[in-house]
Each structure stands twice: as structure tokens, then as C-alpha cells.
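Numbering (the UniProt record's numbering), first residue to last: 1 to 213.
All C-beta atoms, glycine included, are put in the ideal place defined by N, C-alpha and C.
Accompanying notes for the structure given below.
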């Protein structure tokens, strides 16, 4: 009989040590709790300041650029209008020397960096030797070289309307009727994108294009 009450005392003592580990668990729980708390603010704190700082600086910069943007378009529009009117250069030459003067002008253009495909040469009188040679093979191959646009193209003023516009047009007033020159010069002025060079009699050229040439 006395052995029986001793057994529950053993169980009670077993519960005693179990309570101590429970208190140990509660002690261990507060230790990890403060650990993640400082770690959490440290993570957003590092990337945080650099991220908000740049957008705030970029926003005013973008706004500043947007404000002058509307005022920008009128400036290029004015420059486009100025570029629409090509410059006119007159090289005095006789009808016999107009073609040679045109050749020298082409050489200077190429030496200055102009691409051969940027230059169109028109003649009002005798055709340029290159054009006469190429036409001997047929108009098909002749105009095919024009469409390729990779070299200087020589054409008679009578077919200038078929030629496409190019940045530079050189006109050799090397003879022909006054009507041919009067027709070719205004057409060449419309085909020249940046520069029109006219080689010939200054009085005849001025009478067609205007005294301000």
C-alpha cells in the first residue's frame, strides 16, 4: 500500500522537469524574435534610399525636357524651309567651255566628300560623252544606271523631267536654244535638293533664274 502513493510522486517529479524545458522554450522564442526584426528594416533600408532618390531626380529632369519640347518643333520647321531652297552657284563659262566647267565642278564636289550618287549633270546642247556612250547600249541600261543611283548621272536637258531629284544638280549651258535653257534651269532648280551649279553665260542664266543669282 505505501508503494502506491510513491508512484504519483514520481510522476509529479517527472512533470517538474518537463516544465523547465517549457520555460526554456519560451526563453528561446524571444531570442529569435528580436533577430529577424532588426534584419527586416536593414534589408529595405539598403535598397530603399537609392531607389526613391533617382526617380525623384529624374522626374524634374523629364519635366524640364518636356517643357522646351513644344518650342522645339518650330525651329526645325524653319530650318526645313531654309533647306527646301537650294543654294545657287554660277560659274561663268562660254557655251564651248560650259561642259568642261561642269566637269571641274563635279570633280570638286567629289573631292569635298560628296557621294557620286548625289550628283546629276544636265546639258542643254551637245550630250555629255558618257551619256552618249551609255545610250548606245539602249535606253533601258542607261536609265537603269540612273535608278541605281550609285554614280554621277549625265542627261540631256530635254529628258531632265525623267531624272529623279538629287542633292546636287549641275547644269552645263553648252549651247542649244534659249528655250532649252529657259526650260532646263527652273526644272533643275526644283530637282536640286541642296545645291544648283550652273555653268554658262551669266546674263542668260540671270535672265532665266533672276538677277539675284
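Practice item. Flag this pair as touching only if the region 190 to 210 and the region 131 to 147 have three or more C-beta atom pairs under 8 Å; answer yes or no. Key: no
Check your understanding: Going by beta carbon distance, what residues of the same chain come within less than 6 Å of residue 197, once the five residues before and after it are set aside?
Key -> Numbered from its first residue, the chain shown carries residue 197 at position 197. Hits under 6 Å: 89, 105 and 170.
Check your understanding: On the three-state DSSP scale, how would you describe residue 123?
Key -> In the chain shown, the residue the question calls residue 123 occupies position 123. Strand, per DSSP.
Check your understanding: Who are residue 154's beta bridge partners in DSSP?
Key -> Stepping through the chain shown from its first residue, residue 154 is reached at position 154. In DSSP, residue 154 forms a bridge with 121.
**Study point:** Selection from 126, 207, 122 and 92 that minimises the alpha carbon distance to residue 152
**Key:** The count along the chain shown starts at 1 and reaches residue 152 at position 152. Across the set 126, 207, 122 and 92, the C-alpha of 122 shows the shortest separation from the C-alpha of residue 152.
Check your understanding: Where does residue 185 land, buried or exposed, given buried means 16+ other C-beta within 10 angstroms?
Key -> Working through the chain shown from its first residue, we reach residue 185 at position 185. Result: buried.
Review point. Whose CA, out of 180, 208, 200 and 204, lies closest to the CA of residue 98?
Key: Within the chain shown, the letter at position 98 stands for residue 98. The shortest C-alpha separation from residue 98 is found at 200.
Exercise for review: Have a look at residue 132 and residue 109 and give me their C-alpha separation to the nearest angstrom.
Suggested key: Walking along the chain shown from the start, residue 132 turns up at place 132. Walking along the chain shown from the start, residue 109 turns up at place 109. Computed Cα separation, rounded: 23 Å.
Practice item. Taking residue 116 as part of the beta strand (DSSP E), name the residues at either end of that continuous run. Key: By one-based count along the chain shown, residue 116 stands at place 116. In the DSSP assignment, residue 116 falls outside any beta strand (DSSP E) and carries neither an H nor an E.
Check your understanding: Could you check where the beta strand (DSSP E) with residue 180 kicks off and where it finishes?
Key -> The residue labelled residue 180 in the question sits at position 180 within the chain shown. In the DSSP annotation of this structure, residue 180 is not part of any beta strand (DSSP E); the continuous alpha helix (DSSP H) holding it starts and ends at 178 to 191.
Check your understanding: Whose CA, out of 146, 120 and 126, lies closest to the CA of residue 96?
Key -> Counted from its first residue, the chain shown places residue 96 at position 96. Nearest C-alpha to residue 96: 126.
Practice item. For residue 200, name the three-state secondary structure that DSSP assigns. Key: The count along the chain shown starts at 1 and reaches residue 200 at position 200. Residue 200: strand per DSSP, three-state reduction.
Review point. Could you check where the beta strand (DSSP E) with residue 167 kicks off and where it finishes?
Key: Against the chain shown, residue 167 aligns to sequence position 167. That run of the beta strand (DSSP E) goes 166 to 172.
Check your understanding: For residue 87, which of 207, 168, 162 and 155 has the nearest alpha-carbon?
Key -> If you number the chain shown from 1, residue 87 lands on position 87. That would be 168, whose Cα lies nearest to the Cα of residue 87.
Check your understanding: Skipping 5 residues on each side, what residues in its chain have a beta carbon closer than 6 Å to that of residue 116?
Key -> For this step, residue 116 is matched to residue 116 along the chain shown. Same-chain partners within the cutoff: 151 and 152.
Point to revise | Residue from 128, 156 and 160 with nearest C-alpha to residue 101 | key: Here the question's residue 101 lines up with position 101 in the chain shown. That would be 128, whose Cα lies nearest to the Cα of residue 101.
Review point. Which residue's Cα is closest to the Cα of residue 187: 165, 137, 114 and 202?
Key: Here the question's residue 187 lines up with position 187 in the chain shown. Of the residues 165, 137, 114 and 202, the one whose Cα lies closest to the Cα of residue 187 is 165.
Point to revise | C-alpha distance - residue 124 paired with residue 134, whole-angstrom precision | key: Taking the first residue of the chain shown as position 1, residue 124 is located at position 124. Taking the first residue of the chain shown as position 1, residue 134 is located at position 134. Distance between the alpha carbons of residue 124 and residue 134: 18 Å.
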